[in-house]
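See below for the structure under consideration.
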Amino acid sequence: MFIAVLILPFITGLIHAAPTEHKSTALTKPTYVVVQLAAPKFLSDATWKGREEFAEIVLDHTLTIEEIGEKLNEWAKSQGPQVQENYEKAVEEVKAAIKQSRERLEKSPLSDAAKEAFAGIGKIFADKNQTMVQAYDKVKDYMATIPEGTRKEMDEYVGQAITEALKKAKAKVIDTSSD
Numbered sequence: 001m002f003i004a005v006l007i008l009p010f011i012t013g014l015i016h017a018a019p020t021e022h023k024s025t026a027l028t029k030p031t032y033v034v035v036q037l038a039a040p041k042f043l044s045d046a047t048w049k050g051r052e053e054f055a056e057i058v059l060d061h062t063l064t065i066e067e068i069g070e071k072l073n074e075w076a077k078s079q080g081p082q083v084q085e086n087y088e089k090a091v092e093e094v095k096a097a098i099k100q101s102r103e104r105l106e107k108s109p110l111s112d113a114a115k116e117a118f119a120g121i122g123k124i125f126a127d128k129n130q131t132m133v134q135a136y137d138k139v140k141d142y143m144a145t146i147p148e149g150t151r152k153e154m155d156e157y158v159g160q161a162i163t164e165a166l167k168k169a170k171a172k173v174i175d176t177s178s179d
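Read in order, the letters of the sequence shown are residues 1 to 179 in the UniProt record's numbering.
This is the structure in structure tokens:
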């Protein structure tokens with residue numbers, strides 16, 4: 001389920017998938033989230049070859065979301081007990097962050113339209129039998145149907161609430177011992 005981390009850059013970038021008059025924030029640029037989550041402990045414990053194998057899995061656009069998750073689980077097992085343990089811990093931390101984000105979203109003062117739009121994105125990504133590219137395209141098309149004001153509201157929410165949850169998760173899964 002570490003695949004959830006891979007989905008977030010798509011979601012944040014897609015808020016602006018349809019034409020909009022307001023400027024993008026740093027958070028809506030997918031590279032921001034990727035950089036923020038670039039050094040999980042399980043990868044720092046993996047060999048160079050293991051890191052390359054990880055990258056090959058997550059960058060294989062022919063794999064479905066489910067297949068990526070399965071291959072990442074297999075990959076972690078093949079890397080030895082330390083990497084597997086840290087990978088599983090990272091998966092749990094990401095799940096906790098996603099759960100917390102969903103709870104905050106539900107309790108937030110967002111408009112019903114924004115909450116429904118976020119739910120629509122969630123439904124699209126719930127289909128694990130599609131590739132990330134297919135999911136991205138579906139969300140892009142979906143976001144094009146969302147009014148600009150709702151997209152702006154979603155962007156502001158992502159910039160405030162989800163970033164905070166990610167920082168908490170990052171602090172738990174990023175190796176800071178070398179800092």
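Here a beta-carbon is modelled for each residue, glycine too, at the ideal position from N, C-alpha and C.
Shortest alpha-carbon distance to residue i belongs to which of the options?
i	options	result
V91	Y136, K138, K41, G120	K41
A126	W48, L59, S101, I65	I65
Q130	H61, T145, R51	H61
Y136	T145, I124, K99, A96	I124
K170	I146, N86, K128, A119	N86
Run the CB neighbour count on residue i, radius 10 Å, all protein chains shown included, and call it buried at 16 or more, exposed below.
i	result
K167	exposed
E153	buried
residue 182	A question about residue 182 goes unanswered here, because the residues of the chain that appear run from 1 up to 179.
T163	buried
I139	Residue identity check: residue 139 is Val in the sequence provided, not Ile. The residue is buried, with at least 16 neighbouring Cβ atoms inside 10 Å.
T150	buried
G80	exposed
S101	buried
L59	exposed
D141	exposed
In the structure shown, what three-state DSSP assignment does residue i receive?
i	result
T150	helix
T163	helix
Of all Cβ atoms in chain B, is any one closer than 8 Å to the Cβ of residue i?
i	result
F118	Absent from the structure is chain B; it holds one protein chain and no more.
Just to check my reading of the structure: residue i and residue j have Cβ atoms closer than 8 Å, yes? What is that Cβ distance to the nearest angstrom?
i	j	result
A46	V83	5 Å
Quiz item: Along the chain, which unbroken stretches of the alpha helix (DSSP H) at least 4 residues long are found entirely within the region 47-85?
Solution: 48-58, 65-78
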